[in-house]
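**Student:** Here the working numbering is used: the first residue of the sequence shown is 33, the next is one more, and so on. Heads up, the beta-carbon is just placed ideally off N, CA and C, and yes, glycines get one too. This one's a predicted model, so the numbers in the text were calculated from it and none came from an experiment.
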Amino acid sequence: MSQIKQNDTVRVHYTGKLADGQVFDSSLEREPIEFTLGQGQLIPGFEKGLLDMKVNEKKTIEIPSEEAYGAPREELIQEVEKNQLPEEIKPEPGMGLVSKSPDGREMNLVVTEVKEETIVVDGNHPLAGKDLIFDLEVVEIK
Numbered sequence: 033m034s035q036i037k038q039n040d041t042v043r044v045h046y047t048g049k050l051a052d053g054q055v056f057d058s059s060l061e062r063e064p065i066e067f068t069l070g071q072g073q074l075i076p077g078f079e080k081g082l083l084d085m086k087v088n089e090k091k092t093i094e095i096p097s098e099e100a101y102g103a104p105r106e107e108l109i110q111e112v113e114k115n116q117l118p119e120e121i122k123p124e125p126g127m128g129l130v131s132k133s134p135d136g137r138e139m140n141l142v143v144t145e146v147k148e149e150t151i152v153v154d155g156n157h158p159l160a161g162k163d164l165i166f167d168l169e170v171v172e173i174k
C-alpha cells in the first residue's frame, strides 16, 4: 500500500481544533479537501503531518504556530479614521471588514477596538499565534 509523499494529490478529511478543544474547521460534514503536497496550498505543518500516511489511516497532529499561520505581525494592526469608512458601517469589536489595496487585492480585517474618532483593525489571520491540532484521515492518494 502506498504512502503519501511530496507532490502526491490527496483527499483528506480533517478536523482542526485549538488547544482548548474548540473546533475552528472540519470537513466531516462536506467533501474531503483535495490538494497536491508541495504546492504551498496549505499550512506547512498540515502537509508535513500527512507525509508517509496511508489510505484510511487516521492520526492526530499538533502544529506549532510557526508551522501554521505564524506569529501575529504588529504592522498588520492599524488605527483608521472612522470617516474613512462607508457611512452605513457602524463598527463594533469583532466585526469583519474588507479593505482593498490600490492594486485591487483584498485584505480581511477584524475591528479590535472602537474609539471616539478612530477604529483599530487587525489584518492578521485569526489563527496567527495559535498552536493547532488536526485529526486527519486519508481518504485517497491519487
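Can ILE176 and PRO118 be called in contact, C-beta distance under 9 Å?
**Tutor:** Residue numbering for the chain in the displayed model covers 33 to 174; residue 176 lies beyond these limits and cannot be assessed.
**Student:** Whole angstroms are fine: how far does the CA of ALA160 sit from the CA of VAL87?
**Tutor:** 31 Å
**Student:** Taking one C-beta from the region 74 to 84 and one from the region 120 to 136 each time, how about it: are there three or more such pairs within less than 8 Å?
**Tutor:** By the criterion of at least three beta-carbon pairs nearer than 8 Å, the region 74 to 84 is not in contact with the region 120 to 136.
**Student:** Look at the alpha carbon of LYS147 and the alpha carbon of ASP40, and state the distance between them as a whole number of angstroms.
**Tutor:** 50 Å
**Student:** For GLY72, count neighbouring C-beta atoms within 10 Å of its own C-beta (all shown protein chains included) and say buried if the count is 16 or more, exposed if not.
**Tutor:** exposed
**Student:** With respect to the beta strand (DSSP E) encompassing GLY128, which residues constitute its N-terminal and C-terminal limits?
**Tutor:** Element bounds for GLY128: 128 to 132.
**Student:** Provide the residue(s) that pair with ASP167 in DSSP beta bridges, ordered along the chain.
**Tutor:** THR47 and THR92
**Student:** Pop quiz: GLN38 and GLY70 are said to be a contact at Cβ under 8 Å. What is the actual Cβ separation, rounded to whole angstroms?
**Tutor:** 5 Å
**Student:** Taking VAL171 and HIS45 to be in contact with their CB atoms under 8 Å, please state how far apart those CB atoms are, rounded to whole angstroms.
**Tutor:** 6 Å
**Student:** If we ignore side chains and look at the alpha-carbon of each, how far apart do ASP52 and PRO158 end up?
**Tutor:** 16 Å
**Student:** Can you tell which of ILE165, ASN156 and GLN35 has the C-alpha that lies nearest to the C-alpha of TYR101?
**Tutor:** ASN156
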